[in-house]
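Below is one structure; the comments refer to it alone.
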Amino acid sequence: MNNTPIKFTPILLSTLLLTGCPFFDDDDDSSSQSSDNTIIVSDSLAYYAEWPTIESKVTVDTDIESQISVILGQMTLEEKVGQMIQPNLDDVTPEEAKQYKLGSLLNGGGSWPDGDKHASAADWAAKADEYWTALDEAYADRGFKVPFMWATDAVHGHNNVFGATVFPHNIGLGAANDPEMINRIGKATAKEVAATGLDWTFAPTVAAPRDYRWGRVYEGYSEDPEIIFNYAGQMVDGLQGGNEGLKSDSQVISNVKHWVGDGGTQDGVDRGENHYSEEYMMNIHAAGYFSGLKAGAQVVMSSFNSWHDDANYDQTGTGEYNKKVHGSKYLITDVLKGKLGFDGLVVTDWNGQNEINGCTSSNCPEAVNAGNDIFMVTARTDWQPFYENVIAQVNDGTIEMSRIDDAVTRILRVKMRANLWNKPKPSDRSLAGNDAILGSDEHRALAREAATKSLVLLKNKDSVLPLQANQQIYLAGSAADDLQKQTGGWSLTWQGTENTIDDFPGATTLKMALEAQVGAENVFTDINDVTEDTIAVVAIGEDPYAEFVGDIKDHQTIGFADLKTAYAADLATVKELKARGMKVVTIFFSGRPMYVNEEINNSDAFIAAWLPGTEAGGITDALYQVSGTDFTGRLSYSWPNTLCSTTINRVPMNIEGYVTPEWEQDISGEHMPLFAYGYGLSYAIGEESDVDLDNLTLDSRDYGCGQDQPDDGLATIPMESTVKRLAVSLHYVFLARQTAGRVLMYLLR
1145 MNNTPIKFTP
1155 ILLSTLLLTG
1165 CPFFDDDDDS
1175 SSQSSDNTII
1185 VSDSLAYYAE
1195 WPTIESKVTV
1205 DTDIESQISV
1215 ILGQMTLEEK
1225 VGQMIQPNLD
1235 DVTPEEAKQY
1245 KLGSLLNGGG
1255 SWPDGDKHAS
1265 AADWAAKADE
1275 YWTALDEAYA
1285 DRGFKVPFMW
1295 ATDAVHGHNN
1305 VFGATVFPHN
1315 IGLGAANDPE
1325 MINRIGKATA
1335 KEVAATGLDW
1345 TFAPTVAAPR
1355 DYRWGRVYEG
1365 YSEDPEIIFN
1375 YAGQMVDGLQ
1385 GGNEGLKSDS
1395 QVISNVKHWV
1405 GDGGTQDGVD
1415 RGENHYSEEY
1425 MMNIHAAGYF
1435 SGLKAGAQVV
1445 MSSFNSWHDD
1455 ANYDQTGTGE
1465 YNKKVHGSKY
1475 LITDVLKGKL
1485 GFDGLVVTDW
1495 NGQNEINGCT
1505 SSNCPEAVNA
1515 GNDIFMVTAR
1525 TDWQPFYENV
1535 IAQVNDGTIE
1545 MSRIDDAVTR
1555 ILRVKMRANL
1565 WNKPKPSDRS
1575 LAGNDAILGS
1585 DEHRALAREA
1595 ATKSLVLLKN
1605 KDSVLPLQAN
1615 QQIYLAGSAA
1625 DDLQKQTGGW
1635 SLTWQGTENT
1645 IDDFPGATTL
1655 KMALEAQVGA
1665 ENVFTDINDV
1675 TEDTIAVVAI
1685 GEDPYAEFVG
1695 DIKDHQTIGF
1705 ADLKTAYAAD
1715 LATVKELKAR
1725 GMKVVTIFFS
1735 GRPMYVNEEI
1745 NNSDAFIAAW
1755 LPGTEAGGIT
1765 DALYQVSGTD
1775 FTGRLSYSWP
1785 NTLCSTTINR
1795 VPMNIEGYVT
1805 PEWEQDISGE
1815 HMPLFAYGYG
1825 LSYAIGEESD
1835 VDLDNLTLDS
1845 RDYGCGQDQP
1855 DDGLATIPME
1865 STVKRLAVSL
1875 HYVFLARQTA
1885 GRVLMYLLR
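By the count of our numbering, the sequence shown reaches residue 1893 at its end, each step adding exactly one.
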């Protein structure tokens, strides 16, 4: 892999966009025809005309299969269904877990042992002991046992846990384009999860986000399948460690998600409609599964989105199926378990069965029949009736017993492969309760390395960077000393909000990193203290968000300064400092590429820093060229040039004759990025672009990307759509126990 910067001219940009030329591979990527009619376009990524069979690194063990058969033959229907239920930590007690013989639980964002946000590793392990012991006791008189397991969203480090290392979000890691580093991050994350006594992480996300309006763009490594393919297997291997690593108590069960097409919904609507063809679904949206499953991922999570293709048939025969993937027997059973040969388990997303027409969170035989094995039925008021309903539906023939047996066989298989029968209670495992593992120096150094490698230098006029140690710095902007803007969503809390620096011991904001680099006496925050030689460093960026709350709505654009008053103030700061005659270095924290032409015009240097996590020292390492550090990050997403260049994706290099679907085009039909996929400057190359980055054209559009004309006071968004999206949002907000006022500000911003 090569991180050499590339000079981009308008003609070259057009050529690259049309040809899908790879930016990161030294190898000759000329297509070649293999004997089995698979078109090989690189050593790793291939074009598939049909779903491939995946040979997993975690292989079938005949002894395990025999043990499963013996246990399954002794289990009652009630015990089997208990294995299929996964409540949220806040909605199940150890006593209830014992009573229902539940197989697992999860902790959603903002759920901690006994509600303690600052719970230690020992606290987490002790809480895990309670459930482990309860299930051990539940089987005391049965002649066999089935161990309990705990799953968590460790999606950029063990991010729900106080003191843990918080790595950059996936969008930044994609720009780093370093698969070996991804493997190391997986191993570090596994150790920190193991330190809390937990067994399973809902990671990695292998979505291919194709529309920047989606509130989960930052969870995807790239808009293109190439990097996703190269990363997914490495992260799975880092977390699990193959057959042997999975058996140890220092690695954890990995979960690729969300199956499938979550990044390809129209208009970037979370939980929305995916209309890609099956060919494109395979070769764009499923690429991460091919490498992730090959590396041995034991769990796949179903996706909230629907897939509107004739292959996604109505298994009920009622004609009411709304194409939701949670109810897709074709995608889950026929493709994933059948054609791909996946023999692990399939888990639903948070009450995902509720997305299917005719279903509720507590009652959905369609989701069971589709092939989901574990059901994330989170609330006590739902999971208990769901349990009773599934038992009744098996007894009346709505659900076949063979479907239950398939689910439980897969659950037992994963638990046995993870050696859970032979592992002691969580607190007695080798790493458990060790707070020194959380946020260790080694892991923080890795996170700092990742933050540096994720930075993409978009502009560096007259080589204003690197900064010099003897230069005084005027530090400004909303993100200058704001850890929430650095860490983003899924950081201690679900949305990444309601946090302070005290919630992240050992963390470093940009202000702290600058002061550590050049001394607090050389970093000013009062404009009256600056001299004519002072360099302005302006840190701007999005407030944290997750899932649908982060969706850019129909009446909005992807223009950063247009989204919030505070963002407009950031632009005003950049312009004011430039007008003063100061050299301005702008650092942009964001969960997606955004329209920032005016910010770039008024900056001498502009850096896409994404969501770098807690180690801002990685930013100053590049700013000051510490120990020769350079900018090696390259865009894994195309950068927009207009307010509604929302889907200017790179042409996938592994699909010959790719034709961009109509719904994937931006609203105005423009398909030319400001900076193409793979762009990035460095100190070695300096500022080399035929585009005048001081005088970029400004987009004057004054209405949303989901509208076809300015709002003249009348509603231009269909009321049915607005009400439906608001209702869905408020429903999930309620489940997450967020206050109505705060969420409405997000939804109606």
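Where a beta carbon is used, it is the ideal one built from N, C-alpha and C, also for glycine.
Going by beta carbon distance, what residues of the same chain come within less than 7 Å of Tyr1847, once the five residues before and after it are set aside? Gln1853, Pro1854 and Asp1855
Between which two residues does the beta strand (DSSP E) harbouring Met1445 extend? Val1443 to Ser1446
Expressed to the nearest angstrom, what Euclidean distance is found between the alpha-carbon atoms of Ser1752 and Leu1599? Strictly speaking, residue 1752 in this sequence is Ala, with Ser absent from that position. Approximately 6 Å between the Cα atoms of the pair.
Return the chain-ordered ranges of every beta strand (DSSP E) run that is complete within the segment 1592 to 1655 and spans a minimum of 3 residues. 1600 to 1604 and 1617 to 1620
Can you look up Ser1178 in the DSSP assignment and give me helix, strand or coil? Any reading at Ser1178 must be qualified, since the residue scores a pLDDT of 35, below 50, and its modelled position is unreliable; the value itself is stated next. If DSSP states are grouped into helix, strand and coil, Ser1178 belongs with coil.
Enclosing beta strand (DSSP E) for Lys1727 [first to last residue]: Lys1727 to Phe1733
Limits of the beta strand (DSSP E) - the one that Ser1248 falls within: Ser1248 to Asn1251
Could you tell me which of Gly1385, Thr1462 and Phe1519 sits nearest to Ser1446, measuring between CA atoms? Phe1519
I'd like to check one pair, Ser1248 with Ala1282: are the Cβ atoms closer than 8 Å? no
Secondary structure at Gly1432, three-state DSSP: helix, strand or coil? helix
Continuous alpha helix (DSSP H) stretch holding Lys1401: start and end: Here Lys1401 belongs to no alpha helix (DSSP H); instead the beta strand (DSSP E) covers Asn1399 to Trp1403.
For Ser1771, count neighbouring Cβ atoms within 10 angstroms of its own Cβ and tell me buried if that reaches 16, exposed if not. exposed
Between Ala1594 and Ile1329, is the Cβ-Cβ spacing less than 8 Å? yes
Can you give the Cα-Cα distance for His1302 and Leu1840, rounded to whole angstroms? 41 Å
Below 8 Å between beta carbons: does that hold for Val1490 and Val1444? yes
Classify His1262: buried if its beta carbon has 16 or more other beta carbons within 10 angstroms, exposed otherwise. exposed
Nearest-angstrom Cα distance between His1587 and Gln1497? 37 Å
Quick check: the segment 1262 to 1279 against the segment 1567 to 1576, are there 3 or more CB pairs under 8 Å? yes
Rounded to a whole number of angstroms, what is the C-alpha to C-alpha distance between Ser1213 and Asp1207? 10 Å
Does the Cβ of Val1803 have 16 or more other Cβ atoms within 10 Å, making it buried, or fewer, making it exposed? exposed
How about Leu1654 and Ala1760: are their beta carbons less than 8 Å apart? yes
Taking the C-alpha atoms as reference points, what is the distance between Ser1607 and Ser1780? 24 Å
Residues near Ile1215 by beta carbon distance below 8 Å, same chain, minus five either side: Phe1288, Val1290 and Leu1556
Considering Cα atoms alone, identify which of Leu1437, Glu1464, Ser1450 and Asn1466 is closest to Lys1963. Summary: the structure shown does not reach residue 1963, with the chain confined to residues 1145 through 1893, and so no result is reported for it.
So, Ala1265 versus Gly1685, is the Cβ gap smaller than 8 Å? no
Check whether the segment 1220 to 1240 touches the segment 1541 to 1560, taking contact to mean three or more Cβ pairs, one atom from each stretch, closer than 8 Å. yes
Looking at the structure shown, is Leu1489 part of a helix, part of a strand, or coil, going by DSSP? strand
For the alpha helix (DSSP H) containing Trp1527, name the first residue and the last one. Arg1524 to Asn1539
So, at 6 Å on beta carbons, what are the nonlocal neighbours of Pro1238 in its own chain, with the 5 sequence-adjacent residues on each side left out? Glu1274, Tyr1275 and Ala1278
I'd like the list of long-range same chain contacts for Met1426, defined as Cβ closer than 7 Å, with 5 residues on each side in sequence excluded. Tyr1192 and Trp1195
Please go through the same chain and pick out, in chain order, the residues whose beta-carbon is closer than 7 Å to the beta-carbon of Gly1485, but skip the five residues on each side of it. Thr1197 and Ile1198
May I ask which residues mark the beginning and end of the alpha helix (DSSP H) holding Met1219? Note, Met1219: premise wrong, no alpha helix (DSSP H); not H, not E.
Helix, strand or coil at Lys1708 according to DSSP, with G and I counted as helix: coil
By DSSP, does Trp1915 sit in helix, in strand, or in coil? Coverage of the chain is limited to positions 1145 through 1893, which leaves residue 1915 absent and any answer about it impossible.
I need the straight-line Cα distance from Ala1376 to Arg1724, nearest angstrom please. 47 Å
Roughly how far, in whole angstroms, is the beta-carbon of Ala1514 from the beta-carbon of Ile1476, given that I think they are within contact range, below 8 Å? 5 Å
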